[in-house]
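Numbering (the numbering used here), first residue to last: 2 to 238.
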């Protein structure tokens, strides 16, 4: 959560992490967007998440779902089953999570790590798009973003990023930040994922390992220039 808040601050967003059921509706009403991440799940937080999704849907605020560990336990799957009817604007997860969320296949989810490649989840993602009228982002070595009209591929990032916990969560949060300032939600998703990948690539050049990467990535999210972004972008639509 701390890493995610720092990533949001680095790109100029204003994060708040709220969980108390008594204030969730008020928080959603003043936020530009909502991110629901089920990574640290318990019964109380789950109720708050459902309240938040319902409020975002009712108030027509964009909301982003990160189905961390989908398929790992029945409890996670049940909470996701309760969240999906509120039509998330964007769903971002790794291939295993997207497949499990769509119930398109039986696959093992190893915590927050993916046991499937992103291109193996395209059919599952398309099912979610059609079923819930959402945008789906499958993160991996290649990030794949789909809606009903188009598919985009982003080939930025570095394998060392998989050794730093919370970077997927940070990517989801960046999508939320970008979706909060434009109604072009597909483009917002692609831009956020590209920014995360490119910042990671550039930060790796200055890093000795995962520890320094974590710090250097935050710095690069803060200092990256338009020229750096455009010259490193690997995007196909």
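Cβ coordinates follow ideal geometry from the N, Cα and C atoms, glycine included.
Note that the structure is a prediction, hence the values are computed from the model and not measured.
Query raised in the report: Can you name the residues that DSSP bridges to residue 177?
Result: Beta bridge pairing from DSSP links residue 177 with no other residue.
Hey, would you say residue 72 sits closer than 7 Å to residue 103, going by beta carbons?
Going by C-beta atoms, residue 72 is not nearer than 7 Å to residue 103.
Over the uninterrupted beta strand (DSSP E) stretch that includes residue 94, give me the two end residues.
Segment 91-95, the beta strand (DSSP E) holding residue 94.
Taking 8 Å as the cut-off, does the stretch 43-51 touch the stretch 181-198 (at least 3 CB pairs, one atom from each stretch)? Cβ pair count under 8 Å is below three, so no.
* Quick one: using the 10 Å Cβ neighbour count with 16 as the cut-off for buried, is residue 135 buried or exposed? => The residue is buried, with at least 16 neighbouring Cβ atoms inside 10 Å.
(message) Please classify residue 21 as buried or exposed, where buried requires at least 16 neighbouring CB atoms within 10 angstroms.
(response) Exposed, because fewer than 16 other Cβ atoms sit within 10 Å of the Cβ of residue 21.
Open item on the list: I'd like the list of long-range same chain contacts for residue 94, defined as Cβ closer than 6 Å, with 5 residues on each side in sequence excluded.
Closed with: Closer than 6 Å at Cβ, skipping near neighbours: 68.
Worksheet item: How long is the line joining the alpha carbons of residue 9 and residue 132, rounded to whole angstroms?
Response: Between the C-alpha atoms of residue 9 and residue 132 there is a straight-line separation of about 30 Å.
| task | Tell me whether residue 237 sits in a helix, a strand or coil according to DSSP, three-state version. | result | Residue 237 falls in the strand class under three-state DSSP.
- [ ] Taking residue 144 as part of the beta strand (DSSP E), name the residues at either end of that continuous run.
- [x] Counting along the chain, the beta strand (DSSP E) containing residue 144 begins and ends at 144-147.
Check your understanding: For residue 152, does the three-state DSSP call read helix, strand or coil?
Key -> If DSSP states are grouped into helix, strand and coil, residue 152 belongs with the strands.
Going by beta-carbon coordinates alone, are residue 125 and residue 99 separated by less than 7 Å? Annotated as proximal: residue 125 and residue 99, with beta-carbon spacing under 7 Å.
**OP:** List the residues that DSSP assigns as beta-bridge partners of residue 66.
**Re:** Residue 66 is bridged to 37, 92.
Which residue wins for smallest C-alpha separation from residue 149, given the options 156, 169, 159, 128? Closest option to residue 149, Cα to Cα, is 128.
With burial defined as no fewer than 16 other Cβ atoms inside 10 Å of the residue's Cβ, what is the status of residue 45: buried or exposed? Within 10 angstroms of the beta-carbon of residue 45 lie fewer than 16 other beta-carbons, which makes it exposed.
To the nearest angstrom, report how far apart residue 167 and residue 159 are at their CA atoms. Near 15 Å, if we compare the C-alpha coordinates of residue 159 and residue 167.
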